[in-house]
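Student: Let me begin by handing over the structure; questions about it come next.
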C-alpha cells in the first residue's frame, strides 16, 4: 500500500467556535471548527492575521518538507471523539488506516455539549483540520428524513465546498448514508461506510414505542430515510458495510455488491483471562447507556435476570458499564447493581468479570461489546440479536439465551463451574483476533486507495 509521508501537526488555538445559526448566521456559514493547520503563505501583517482569524479562515503554520498529494474528506453525523461508543470507535479505528494514505479533514455534526467534550481528544489528532457544526431541529417525516437534515448541517456543506475549492479532495469517505448529502455530485469519488441500515432500525424502534401520531410520523420518516439510503447506495462509488445481512440488502439495490468490513476489537488492549483464573461473582454488561436497546437490556438484566441469579448466588453483582447512563439505568443502581458511567478503559472490568451478559432484544449492525467479551476470555451469555453479524456458534463461542430464565441458568452455570468454559473462551479469543482493528483498518484503507484517481459516478 502506498504510504504518504507523515507530517507534523501544529495547533492554532484553541480555535473552536460552536455556532448557533439563529444567533450568528454569517459565522454559521463557515461552520465551527477545532484544530486548524495547513500550508499557506503567511499573512503579510498582523492586521491580515487578525482579519483571517475574525473571518474564520485558516491561519498559517510551518510549511511541510513535501506536499501531501492525497486529501480525504471524512463526513460523520457525530464526532468520533472521544471514542466511547461503537460508531465512534469504528470511525476512529478505520480513520487510522486512512491516515496512512494522506491528509484527513473531518466534517462532523455535533451539539454544544458533545463538541466541548471532544476538545483536546487524542482521536482528533488524526485530522489536519476538523469542522464541527450543530444541527437545527427537524420535524420528522415531511420532505426529507430528519436524520439526513440533522446528520449533516448546511454549514458543513459550505465549509466543505470552500475547502474543496481551495485544494481539491481526492476522496470523500462518508460514515452512515445520512451524512452523505454534501459528498454526492462533487466530482470526488465517494466511499460509503454503512454502519447499519438505519431505516430498518428506526422502523423497529417506532413499532416498539407505539403511540398513534408519533408512530405514524416515525414510520413516514423511516420510509423517507429508506429512500435516501437507496439513493446513496446507488450513487456511492464503493459501499462498505458491517454484516452479511446488510450486504445482501444493499446488493439488492446496487449492481456492484458491497464489501463487508466487520466491526473489530483492539486485542492488544484486552488481555485474555480464561474462566479458570477468574474469581468473584461479577456479571458485566457494557454499552452506551443512553442507547435505547442498551437501556432496555440493562433493565431486563437487573429486573428479570439477576433476581433469579440472586436467589441462588446472593453474592453476585451486576455491573452496568458505559457512558451517558439514562435515568432509567441510574434508577437500577443499588447494593448489588453498579452503574459506572464512562470509564477510561473497559479492559479492567472485562478482566475481573465472571461472565458477560448481553440480552439485547433488538438492534442494528453488530455489537462491539460482543467482540470485547470474546477477546477477554469471560464467558459470554447472549441473545441471537446480540451476536448478529458475527459467525458465532452457540455452545462453541457463547452461551445462547433468549429468555430471562435461560440467561439466569447460563450465568449460574458459569458462576458454579467456570473452568468448564475454558475451551469456549479460547475459541472466542480466536474469533476476536480475526477481527482485530489493525487488520480491518488496513482492509478499509485498501478499498479507499482503489478509488484514488478514479472517475466518480454521477451523484
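Numbering (our numbering), first residue to last: -7 to 451.
Backbone N, C-alpha and C define an ideal beta-carbon position, used for all residues, glycine too.
Since the model is a prediction, treat every value here as computed from it, not as a measurement.
Quick check on residue 140: buried or exposed, where buried means 16 or more other Cβ atoms within 10 Å of its Cβ?
Tutor: buried
Student: Could you tell me which uninterrupted beta strand (DSSP E) segments, each at least 3 residues in length, are contained entirely in the region 226 to 283, listed from first to last along the chain?
Tutor: 230 to 233 and 274 to 278
Student: Which residues mark the beginning and the end of the beta strand (DSSP E) in which residue 326 is found?
Tutor: Taken as a continuous stretch (DSSP letters only), residue 326 belongs to no beta strand (DSSP E), as it is neither H nor E.
Student: Using DSSP bridges, identify the partner residues of residue 163.
Tutor: 64
Student: In the DSSP assignment, find the alpha helix (DSSP H) that holds residue 93 and state where it starts and stops.
Tutor: Taken as a continuous stretch (DSSP letters only), residue 93 belongs to no alpha helix (DSSP H), as it is neither H nor E.
Student: Using a 10 Å radius around the Cβ and a threshold of 16 neighbouring Cβ atoms, would you call residue 274 buried or exposed?
Tutor: buried
Student: Taking only the alpha-carbon atoms, compute the straight-line gap between residue 406 and residue 62 and give it to the nearest angstrom.
Tutor: 52 Å
Student: Along the chain, where does the beta strand (DSSP E) containing residue 350 start, and where does it finish?
Tutor: 347 to 350
Student: What's the call for residue 164, buried or exposed, on a 16-neighbour Cβ count within 10 Å?
Tutor: buried
Student: Is residue 385 close to the ligand PLP? I mean its beta-carbon at under 7 Å from any heavy atom of the ligand.
Tutor: This structure simply doesn't include the ligand PLP, nor any ligand for that matter.
Student: Just to confirm, are residue 126 and residue 143 a CB contact at a threshold of 8 Å?
Tutor: It is not a contact, given that the beta carbons lie outside the stated cut-off.
Student: With DSSP run on the structure shown, which of helix, strand or coil describes residue 123?
Tutor: strand
Student: Quick test of your reading: residue 389 and residue 345, contact by CB under 8 Å. State the CB separation rounded to the nearest angstrom.
Tutor: With a Cβ gap of about 17 Å, residue 389 and residue 345 do not count as contacting.
Student: Between the alpha carbons of residue 351 and residue 109, how many angstroms are there, rounded?
Tutor: 30 Å
Student: Could you check if residue 361 is buried or exposed, using at least 16 other CB atoms within 10 Å of its CB as the buried criterion?
Tutor: buried
Student: With 16 other CB atoms within 10 Å as the buried threshold, where does residue 409 fall?
Tutor: Taking every protein chain shown into account, the CB of residue 409 has fewer than 16 other CB atoms within 10 angstroms, so this residue is exposed.
Student: First and last residue of the beta strand (DSSP E) that includes residue 534?
Tutor: Residue 534 lies beyond the residue range present for the chain, which begins at -7 and ends at 451; the question has no answer from this structure.
Student: For residue 186, which residues does DSSP report across the bridge?
Tutor: Paired residues: 233.
Student: Using the three-state DSSP reduction, which class does residue 304 fall into: helix, strand or coil?
Tutor: coil
Student: Going by the beta-carbon positions, is the gap between residue 68 and residue 186 smaller than 8 Å?
Tutor: no
Student: Looking at the structure shown, is residue 382 part of a helix, part of a strand, or coil, going by DSSP?
Tutor: coil
Student: Measuring CB to CB, does residue 370 end up less than 8 Å from residue 348?
Tutor: yes
Student: For residue 303, which of 258, 234, 403 and 240 has the nearest alpha-carbon?
Tutor: 403
Student: Could you give the first and the last residue of the continuous beta strand (DSSP E) run that contains residue 373?
Tutor: 372 to 374
Student: Using DSSP bridges, identify the partner residues of residue 100.
Tutor: In DSSP, residue 100 forms a bridge with 68 and 124.
Student: Under 7 Å Cβ to Cβ from residue 57, same chain only, skipping five residues before and after it: list those, please.
Tutor: At residue 57, the pLDDT of 39 sits below 50, so the modelled position is not reliable and the matter cannot be decided from this model.
Student: Skipping 5 residues on each side, what residues in its chain have a beta carbon closer than 7 Å to that of residue 368?
Tutor: 262, 264, 265, 342 and 343
Student: Exposed or buried, which one is residue 249 when buried takes at least 16 other CB atoms within 10 Å?
Tutor: exposed
Student: From what residue to what residue does the alpha helix (DSSP H) around residue 343 run?
Tutor: 339 to 344
Student: I'd like the span of the alpha helix (DSSP H) that includes residue 156, first residue to last.
Tutor: 146 to 158
Student: Is the beta carbon of residue 79 sitting closer than 8 Å to the one on residue 448?
Tutor: no
Student: Do three or more CB pairs link the region 320 to 333 to the region 377 to 385 at distances below 8 Å?
Tutor: no
Student: Figure out for me which residue from 412, 400, 396 and 298 has the closest Cα to the Cα of residue 267.
Tutor: 412
Student: Select from 194, 97, 385 and 213 the residue whose C-alpha is nearest the C-alpha of residue 153.
Tutor: 97
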